[in-house]
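Counted the way this note's numbering counts, the sequence shown spans residues 749 to 958.
We put the CB at the ideal spot given by N, CA and C, even for glycine.
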Amino acid sequence: MAIIGQSGSGKTTLMNVLGCLDTPSSGNYILNGKDVARMNDDELALIRNKEIGFIFQTFQLLPRETALSNVELPLVYRGVAARERRERAKAALEKVQLGHRMHHRPNELSGGQRQRVAIARALVAEPSMLLADEPTGNLDSATGEEIVRLFEELHRAGHTLVLVTHEPKLAARCPRAVRLSDGEVVADGPGREVALTNLVIPSAQGAGGL
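This is the structure:
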């Protein structure tokens, strides 16, 4: 699923709510049967760590750590034993076709490879949802295409992804897209219809995985 809109449309606010970085001012946000609006700060931190994998435009990798150590980090916070987290981090890097670079630091990797490390880090704790904020924004078109294809592979494998973007071409490749304007949902439907037209689309039934 894609969330699309221009700067100031409300994408960041919605992303913060979906990522449990903020709570809704009205209405309800139910994540895996839990009402996020009723949670305290500790409960929000726990659900962020357990249920949501974040992927950022700027990668947010620790520069002095290897790709493997960066991917292990969410498991460190969860108290997973060293041997298990090392094996799970290796498996996540293999999943994004980066097993051969696991001992390299970020400055030894290309932009696309760094984004793959960030995706592996988001996957390693097996979250319910991957939330990607402008995931191709800092990449050239060819590298961005590689990352989009990886997202499509993850979607086919059963992962739930929400992509926040201002790029219509990226949103058009998602099964579902929601367009925001001035904090309001103005279109909700098949990605291609919503992304490539300015028409208001009636609300779609069901949620896409991407």
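(request) Taking the CB atoms as reference points, tell me whether Leu944 and Val910 lie closer together than 8 Å. (result) Sequence index remark: in the sequence shown, residue 944 carries index 196 (1-based). Sequence index remark: in the sequence shown, residue 910 carries index 162 (1-based). No.
(request) In the DSSP assignment, find the alpha helix (DSSP H) that holds Gly939 and state where it starts and stops. (result) To locate residue 939, count along the sequence shown from 1; it is residue 191. Counting along the chain, the alpha helix (DSSP H) containing Gly939 begins and ends at 939–944.
(message) Once DSSP output is grouped into helix, strand and coil, what is the label at Gly756?
(response) Residue 756 sits at position 8 when you count from the first residue of the sequence shown. Here Gly756 sits in coil by DSSP.
(request) Out of Pro811, Cys768, Gly781, Ile800, state which residue places its alpha-carbon closest to the alpha-carbon of Leu792. (result) Numbered from its first residue, the sequence shown carries residue 792 at position 44. Per the Cα distances, Cys768.
(message) Can you look up Asp888 in the DSSP assignment and give me helix, strand or coil?
(response) Here residue 888 is taken as the residue at index 140 of the sequence shown, counted from 1. Coil.
(message) Can you find the residues in the same chain that come closer than 7 Å, C-beta to C-beta, to Lys759, ignoring five residues on each side of it along the sequence?
(response) Here the question's residue 759 lines up with position 11 in the sequence shown. Correct list, in chain order: Ile751, Gly753, Val912, Leu928.
(message) If I follow the unbroken beta strand (DSSP E) through Gly879, where does it start and stop?
(response) On the sequence shown, position 131 is the one that residue 879 refers to. Sequence check: residue 879 is Leu here, not Gly. That run of the beta strand (DSSP E) goes 877–881.
(request) Express the C-alpha separation of Thr771 and Ile867 in angstroms, rounding to a whole number. (result) Residue numbering aside, residue 867 sits at position 119 when the sequence shown is read from its first letter. Residue numbering aside, residue 771 sits at position 23 when the sequence shown is read from its first letter. Computed Cα separation, rounded: 25 Å.
(request) Note down, in chain order, each residue of its chain lying with its Cβ closer than 7 Å to the Cβ of Arg836, except the 5 sequence neighbours on either side. (result) By 1-based counting over the sequence shown, the position of residue 836 is 88. If we look at Arg836 and ignore the five residues flanking it on each side, its Cβ neighbours are Leu823, Val872.
(message) Less than 8 Å between the beta carbons of Leu887 and Ile895, yes or no?
(response) Position 139 of the sequence shown, counted from the first residue, corresponds to residue 887. Position 147 of the sequence shown, counted from the first residue, corresponds to residue 895. Closer than 8 Å, so yes.
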